[in-house]
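> Here's a structure for you.
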Amino acid sequence: MKNFSKLALLALFIASGTFVTSCSDDDKAAEPASLYAKLGGTTMVADPNNPGQMIEQGRLSYRSVVDSTITLIVSDIVVGAEGNLGEHFAPVISEALSGNATNVAILSDNLTDFFSANTGGGATNVYTGLDMVTAHDPAQNPRMGKKSNDAEYDKFIGYVGAAAGLNGVTDPVLIGEVVAVLESLRAPIVQE
Ligand code: HEM
1 MKNFSKLALL
11 ALFIASGTFV
21 TSCSDDDKAA
31 EPASLYAKLG
41 GTTMVADPNN
51 PGQMIEQGRL
61 SYRSVVDSTI
71 TLIVSDIVVG
81 AEGNLGEHFA
91 PVISEALSGN
101 ATNVAILSDN
111 LTDFFSANTG
121 GGATNVYTGL
131 DMVTAHDPAQ
141 NPRMGKKSND
151 AEYDKFIGYV
161 GAAAGLNGVT
171 DPVLIGEVVA
181 VLESLRAPIV
191 QE
C-alpha cells in the first residue's frame, strides 16, 4: 500500500436528522438511525489493516472510504490543469513521497474521527483537529496547497461517491444522505 493512500480526505457526513419515518400504528416515534449506524455502527469486527485488532464497523466504513478518496485525489495531479485536486494536497503529497507518512496517517485518523463523531459514532470517536474554515484556508493551514472553489468541491464529492462505490456503499438512499452532509459543509470549505 502506498504511503499516501493512508491520507485522508474527504469527508464527511453530519447526521442530518432529516430521515423520513414511515407511518405506524404505534404512537411512539422511532428513533432515526444515524448514518454511522447505517454504515455498520458499533459492531466490532477484525481490523484488516491491523492484524489482531478490532474496530467498529462504522469507523471502518469511513476509514475505507476516506483512504480510497485520498488515493483518487492524489492521482488527480496533472500539473497546471484547471480544477486539479492534487494541487490542494501538494504539501501533503510531497511529504509522503519523501518518505514521511506520519502526517498522512494523522490526517486519515482526523478525517475518520471527523466523519464518525459527526454522524452518531459516539464517545469512541472524538475529533480534535482544526475547524473546517481554518483547515481549508492556506493562510492558516500551510498544508492546504491552495483554496478550493465550487467546481473543485463538486469534483471532490464525485470522488467520495466513487470511493464509496469501491467500498460497497452503493445504496442510492445512503449515498444521497452522504451527499447531503457533504453539501452542508460546502460554505466553510469553499473559500474562493
Ligand atoms: C465535505 C468535504 C470535506 C471535509 C469534511 C473535509 C475535512 C477535513 C478535515 C477533518 C481535515 C483535517 C484537519 C486537521 O488535520 O486538523 C482536512 C484537511 C484538509 N483538507 Fe479537507 N475536507 C473536505 C473537503 C476538502 C476539499 C474539497 C479539499 C481540496 C480540494 C480539501 C483539502 C484539504 C487539505 C489539503 C487538508 C490538509 C491535509 C493535511 O493537513 O494533511 N478538503 N479536511
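Per the numbering used here: the sequence shown = residues 1 to 192. Each residue gets a CB set at the ideal place from its N, CA and C atoms; glycine is no exception.
With valine 190 and asparagine 149 assumed to form a contact (beta carbons below 8 angstroms), what rounded beta-carbon distance in angstroms separates them?
The Cβ separation is near 6 angstroms, so the contact holds.
> Should valine 92 be counted as a contact of the ligand HEM given a C-beta to heavy atom distance under 7 angstroms?
Checking the Cβ of valine 92 against the ligand HEM gives yes.
> Answer yes if the stretch 108–126 comes into contact with the stretch 155–169, meaning at least three C-beta pairs across the two stretches below 8 angstroms, and no otherwise.
In short, these stretches do not touch, since the Cβ pair count stays below three.
> Counting Cβ pairs, one atom from each stretch, are 3 or more of them under 8 angstroms apart for the stretch 64–75 and the stretch 103–118?
Touching, per the Cβ criterion.
> Which same chain residues end up closer than 8 angstroms to glycine 86 when comparing Cβ atoms and leaving out the 5 residues on each side of it in sequence?
These residues qualify, in order along the chain: Ile73, Val74, Ser75, Asp76, Ile77, Val78, Ile93.
> Report whether the distance from the Cβ of glutamate 152 to the nearest heavy atom of the ligand HEM is below 7 angstroms.
Result yes, Cβ under 7 angstroms from the ligand HEM.
> Measuring straight from C-alpha to C-alpha, what distance separates leucine 97 and alanine 90?
C-alpha separation (whole angstroms): 10 angstroms.
> What does DSSP give as the partner residues of methionine 54 in its beta bridges?
Methionine 54 is bridged to Ala46.
> Could you pull out every residue in the same chain whose Cβ sits closer than 8 angstroms to the Cβ of threonine 112, ignoring the five residues on either side in sequence?
For threonine 112, where only same-chain residues beyond five positions count, the Cβ hits under 8 angstroms are Ala8, Arg59, Tyr62, Arg63, Val66, Asn125.
> I'd like the span of the alpha helix (DSSP H) that includes leucine 166, first residue to last.
It spans 150–166 - the alpha helix (DSSP H) in which leucine 166 sits, taken as one unbroken run.
> Rank Ala30, Leu39, His136, Pro32 by C-alpha distance to the C-alpha of serine 116 and give the top, closest one.
The option with the nearest alpha carbon to serine 116 is Leu39.
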